Amino acid sequence: MPQMIRSQSSPAGHRRVGGPALLPPAAVAGAARSAAVHTTAAERERRLDDRTVGLLTRAGFARHFVPRAWGGAEGTFGALVDAATAVGSGCASAAWCGVLWAAHGRFAAYLPPDGQRDLWAASPDTRITAVMSPSGEATPTSDGWLLSGTWAYASGVAFADWLLLTSTEPAGQGGGCRVFALPRAQVDVLDTWRGDGMRGTGSHTVVVDSVAVPRHRTFLMADLTAGTPGPGRARCHTVPAQLGGGLLFCAPALGAARHALEAWSRWAAHHAPALPDAEVLRLHRVLALAADEIEAAQLLLRDAAQRADAETWTERDVARNRRVAASVIGLLARGVERLHRAGARSGAAGPDVVERCRRDVRTVASHRMLRREQAAVDYARSVFSEVSEPDETPAAADQLALEAPHADV
């Protein structure tokens, strides 16, 4: 039987009742409207509009996973997926930044208490940008580390208050990956983001030149990956990275795909009366198939969020959620691509929003956390390890069958 693992419950002072509201729908809707109004400018400027950032912050994205001790919400994955999807229907880049500010608050809960105080003593609405791919060089000192290097793809860095950057410890210090928290003022930003999609995320490169990081502003990446319990860490913090991470990346893409489906439907309904019957029938089929794919992705994503929010989980659940995230982004990419091709084939370009959403979804699909091959390998390993017993190899099973009495038929 698979081992059931119960996450550490919230300690006294961190109860999930009577705290701040989890992403109030009215506030999320306001952020979504602003994101939609400014999405063209965000693409052009390669950064979000200041008003959208303010509304995302007031809606509670940055504080969503922050410990209650600092005024945060210690929220759920399900609530965050729904809110990011809503914002993504207006602008996938805005949803991406919002959902990552939330996720990075969860990461920062792994800092020691003094490190958390540095980030959140003034406000739980601190916006945190993170780059979790290890880079640079971390040199130990008497009271911490000296960090130098370059880190690419720091989404939303233009509006960050703090950054989490990952580097590898020297072999003599253990050789593991360590995450370092730095104030935004201590890093330089290089304007390098030229992505085909998700242009408004401003995922530029950051450079650090010999910055001293005190010991209380670092933690081991392995603890975050495994969801290691610790003092002050609530249920939402002790979720393994692969159980909750991939599904959050999918939420902005789901919002974009839903927006593309709605825009394409309006466009097709307007053009259909002037088309031959055979072409109209083809558009009907395209709409049905794309809706199937996008709605199936939404159902899978919500199911995965429920597993991430459950009180117990198994290693199979972790692998399953990683598999589901890869499947969801594949379904969304196919659905939006289907809509885009149908518009081109009909002799018209189709609504511009479909093209933008197509680029955004394809860019999200390229993220390393959503690669289907590795997700399939991990899932297969988890399944095979559970269905195979050490003493029941195929050869042993065949021998048992030969020795067993056979009933007459």
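Here the sequence shown stands for residues 567 to 975, numbered as in this note's numbering. For each residue, glycine too, the CB sits at the ideal point set by N, CA and C. Because the structure is a prediction, the values reported are computed rather than measured.
Only counting the same chain, and skipping five residues up and downstream in sequence, which positions put a Cβ closer than 8 Å to that of residue i?
i, result
"L813", "F643, V647, L867, A870, A871, A874, N887, V890, A891, V894"
"E609", "S659, R765, G766, R922"
"R595", "Here the sequence assigns Ala to residue 595, which means Arg is not the residue at that position. The residues are A652."
"G702", "L713, S714, G715, T716, W717, L731, S733, V774"
"A978", "The question about residue 978 has no answer, for the chain in this structure spans 567 to 975."
Quick one: residues in its chain with C-beta nearer than 6 Å to the C-beta of residue i, no 5 flanking neighbours on either side, listed in chain order?
i, result
"A718", "T771"
"A914", "Residue placement at A914 is poorly supported in this model, since its pLDDT is 49, which falls under 50; the coordinates still yield a value, given next. Nothing meets the Cβ criterion."
"C802", "F631, E640"
"A668", "F627, H630, F631, L646"
"V745", "L730, T732, F785, M787"
"V846", "A838"
"S655", "G821, R824, H825"
"A597", "L621, L622, A625, V653"
"V755", "V723, H770, V772"
Spatial neighbours of residue i within its chain, please: CB distance less than 7 Å, with the 5 preceding and 5 following residues excluded, ordered by chain position.
i, result
"H850", "none"
"D762", "R925, T929"
"D944", "A885, R888"
"A856", "L827, G901, R904, L905"
"A792", "P806"
"A781", "First, the amino acid is wrong: residue 781 is Arg here, not Ala. D709, G710, listed in sequence order."
"R937", "A892"
"A607", "D615"
"R783", "L677, G681, D684, F746, A747"
"E735", "A704, G741, G742, R744"
Mind reading off the beta-carbon distance from residue i to residue j? Whole number of angstroms is fine, and I expect it under 8 Å.
i, j, result
"A652", "P818", "Not confirmed; about 10 Å, so no contact."
"A726", "R750", "5 Å"
"A674", "L666", "The pair is not a contact, with the Cβ atoms about 12 Å apart (cut-off 8 Å)."
"P700", "C743", "5 Å"
Three-state secondary structure (DSSP) at residue i?
i, result
"P780", "strand"
"Y945", "helix"
"C816", "helix"
"R924", "helix"
"V774", "strand"
"A565", "With the chain covering 567 to 975 only, the question about residue 565 has no answer from this structure."
"F627", "coil"
"L589", "coil"
"T692", "coil"
"L790", "helix"
"A532", "Shown here, the chain extends from 567 to 975; a query on residue 532 therefore has no answer."
"L849", "helix"
"L614", "coil"
"D918", "helix"
"V632", "coil"
"L756", "strand"
"V594", "helix"
"V697", "strand"
Would you call residue i buried or exposed, if buried means 16 or more other Cβ atoms sit within 10 Å of its Cβ?
i, result
"E877", "exposed"
"D691", "buried"
"S721", "buried"
"H825", "buried"
"V976", "Since the displayed the chain opens at 567 and closes at 975, residue 976 lies outside it and no answer follows."
"D883", "buried"
I'd like to confirm something about residue i: is its beta-carbon nearer than 7 Å to some heavy atom of the ligand SAH, or not?
i, result
"V805", "Only the bare structure without any ligand can be found here, which leaves the ligand SAH out of the picture."
State yes or no: is the beta carbon of residue i nearer than 8 Å to at least one beta carbon in chain C?
i, result
"V697", "No chain C appears in the structure shown, which is made up of a single protein chain."
message: Restricting to runs no shorter than 4 residues, where is the alpha helix (DSSP H) found entirely within the segment 700-744?
response: none
- prompt: Can you list the alpha helix (DSSP H) stretches of 4 or more residues lying completely in the segment 865-916, in chain order?
  reply: 881-911
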